[in-house]
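Take the sequence shown: its letters are residues 413 to 727, numbered as in the numbering used here.
Working notes, structure below.
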Amino acid sequence: MSPKLAIGIDFGGTSVKPGVISGKEIISRLDPIPTREHRGADSLLAAVFRAVASLREKHPGVSALGAGLPGIIDGRNGLVRELSNVPGWRDIPLAALLRKETGLPSIIENDANAMTFAEWRFGAGRNQRNVICMTLGTGVGGGLILDGKLFRGSQLGAGEIGQMIIEPHGVPGHYGNFGALEKYVGNRQIVERAQERYAAAGRAYTLDELTPLLLEKAALKGDVIAKKLWEDLGFEIGIILTNIVWLLNPDRIVIGGGVAKAGELVFGPIKHTIRERTSAVFHEHLEVIPAELGNDGGMIGSAALAVEAAEGRPS
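Put into structure tokens, the structure is as follows:
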């Protein structure tokens, strides 16, 4: 029996990606909807509703709808408390609006949780009971599978790895926090750090001339500054993950997002740091591996969570 069809919607910082999913397979997808072209929640929601209608016209067998969003998401009550990177989204009853517009059973979830669920069910975390997922991109997100269940915490905000502190008196960030990890290893922060280091060595670059991909290529070609930057990034990420390993003793750590594409440049120092700073009892059976579902994890996970909720098996 084929998995049920569901619509998954991935709300990113710059675009919204809708598609029709069957299990882990994306059956159909539409072009991303740029968020910058829509001022305010109403305009963006109208574009999302049009996209959903288009997908349902092509796939009338769709049985549920799930949306993954970055920010503070109250999936239990279907509320977007605060949407990261998109102004005007506060306390919006998105799940109810989606149900009203589409007539479909609809759920919303934090996008990192959706990605985590997808990797655990279909990807790099499958067949494990305790999995930590981490996304490294524009920001840093995370999700937790503990004892075979998605763990959300008392206020549904668990897994905010990017807000964990790497430098107590460091860079100011959100919520009165200082020295949060994502203020050091997000895409823009990586580029800014590289720019500073090259400038100190007499090699001036603009921010537009540097990207994580270019820094990866430079490191692989032997560029000392780029290589040392990746080592430092891996060490910092590894320190945070070391704390998580001591706290939760996971079976597997799955890392996705654009920064993770640097491969062993960043995975090597992450694993080395964890090995150096934890008991062999913890790290000998721990795997630290790349995510398998790429940029589609949020869409796939949102759809899978929607199907389970519609069938009375909320995760």
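Quick reminder that beta carbons are idealized off the backbone N, C-alpha and C, glycines included.
Every value quoted in this text rests on a predicted model; they were computed, and no experiment measured them.
Exposed or buried, which one is residue i when buried takes at least 16 other CB atoms within 10 Å?
| i | result |
| --- | --- |
| Thr618 | exposed |
| Lys416 | buried |
| Ser455 | exposed |
| Arg462 | exposed |
| Lys429 | buried |
| Lys683 | buried |
| Leu728 | What is shown of the chain runs 413 to 727, which leaves residue 728 out entirely. |
| Asp708 | buried |
| Leu678 | The displayed chain sequence assigns Val, not Leu, to residue 678. Burial call: buried. |
| Leu625 | exposed |
| Gly675 | exposed |
| Gly724 | exposed |
| Ala612 | exposed |
| Ala616 | exposed |
| Gly431 | buried |
| Gly473 | exposed |
| Gly614 | exposed |
Kindly indicate which residue of the options has the alpha-carbon position closest to the one of residue i.
| i | options | result |
| --- | --- | --- |
| Leu659 | Gly452, Lys561, Arg689, Tyr596 | Arg689 |
| Ala475 | Arg605, Pro446, Ala418 | A small fix is needed here, since residue 475 is Ser in this sequence, not Ala. Nearest option by C-alpha distance: Ala418. |
| Ile656 | Phe529, Val543, Lys512 | Val543 |
| Gly420 | Arg468, Gly452, Pro446 | Arg468 |
| Glu699 | Ile485, Leu593, Asp663, Ala606 | Asp663 |
| Ile485 | Arg538, Lys470, Gly473, Arg502 | Arg502 |
| Glu449 | Val693, Pro499, Arg511 | Pro499 |
| Ala692 | Leu717, Lys512, Asn661 | Asn661 |
| Gly706 | Gly668, Ala716, Pro726, Ala718 | Gly668 |
| Ala453 | His697, Arg493, Glu621 | Arg493 |
| Gly670 | Glu579, Thr623, Ile652, His697 | Thr623 |
| Ala470 | Met546, Trp532, Ile439 | Just to set this straight, residue 470 is Lys in the shown sequence, not Ala. Nearest of Met546, Trp532, Ile439 to Lys470, Cα basis: Ile439. |
| Glu531 | Glu704, Ser727, Pro726 | Glu704 |
To which residues of the same chain is residue i closer than 7 Å at the C-beta, ignoring the five residues directly before and after it?
| i | result |
| --- | --- |
| Ala507 | Gly490, Ser518, Ile519, Ile520 |
| Ile550 | It is worth fixing the name first, because residue 550 is Thr in this sequence and not Ile. Gly425, Gly598, Asn599, listed in sequence order. |
| Thr654 | Thr685, Ile686, Arg689, Thr690 |
| Pro681 | Glu643, Gly646, Phe647, Gly650 |
| Gly585 | Ala592, Lys595 |
| Pro505 | Gly490, Leu491 |
| Lys639 | Ala631 |
| Gln601 | Lys595 |
| Asp635 | none |
| Pro444 | Ser427, Val428, Lys429 |
| Pro726 | Glu720 |
| His581 | Phe590, Gly591 |
| Gln607 | Tyr617, Leu619, Leu622 |
Taking 9 Å as the cut-off, decide whether the C-beta atoms of residue i and residue j are in contact.
| i | j | result |
| --- | --- | --- |
| Ser714 | Ala465 | no |
| Glu648 | Tyr596 | yes |
| Gly574 | Phe563 | no |
| Ala536 | Pro702 | yes |
| Gly478 | Leu568 | no |
| Leu516 | Leu457 | no |
| Gly560 | Arg541 | yes |
| Val603 | Leu627 | yes |
| Leu641 | Arg605 | yes |
| Ala716 | Phe529 | yes |
| Cys545 | Leu556 | yes |
Go through its chain and collect everything with a Cβ distance to residue i's Cβ below 6 Å, but skip five positions before and after it.
| i | result |
| --- | --- |
| Lys436 | Phe534, Ile712 |
| Asn710 | The sequence given here places Gly at residue 710; Asn does not occur at that position. Excluding sequence neighbours, Gly710 sits near Asp422, Gly480, Asp523, Ala526, Met527. |
| Arg609 | Ile637 |
| Pro446 | Ser427 |
| Lys629 | none |
| Arg441 | Gly431 |
| Arg695 | Correcting the residue identity first, residue 695 is His in this sequence and not Arg. Within the same chain, His695 has close Cβ partners Ile686, Arg687. |
| Ala721 | Ile519 |
| Val770 | Outside the shown range of the chain (413 to 727) lies residue 770, about which nothing can therefore be said. |
| Glu579 | Gly591 |
| Arg511 | Ser518 |
Which residues in the same chain have their Cβ closer than 8 Å to the Cβ of residue i, if we skip the five residues on either side of it in sequence?
| i | result |
| --- | --- |
| Asn589 | Gln575, Ile577 |
| Pro482 | Phe423, Gly424, Gly425, Leu495, Ser496, Asn497, Asn522, Asp523, Ala524, Gly551, Gly553 |
| Glu513 | Phe461, Val464 |
| His697 | Asp663 |
| Ile652 | Ile573, Met576, Ile578, Leu593 |
Inside the segment 590-614 only - beta strand (DSSP E) runs reaching at least 3 residues
none
Quick one: complete alpha helix (DSSP H) runs, 4+ long, within the segment 461-519?
506-514
Would you list, in sequence order, the uninterrupted alpha helix (DSSP H) runs of no fewer than 4 residues that lie entirely inside the segment 603-676?
For the alpha helix (DSSP H) assignment, the uninterrupted runs of no fewer than 4 residues enclosed by the segment 603-676 are, from N- to C-terminal side, 624-632, 636-660.
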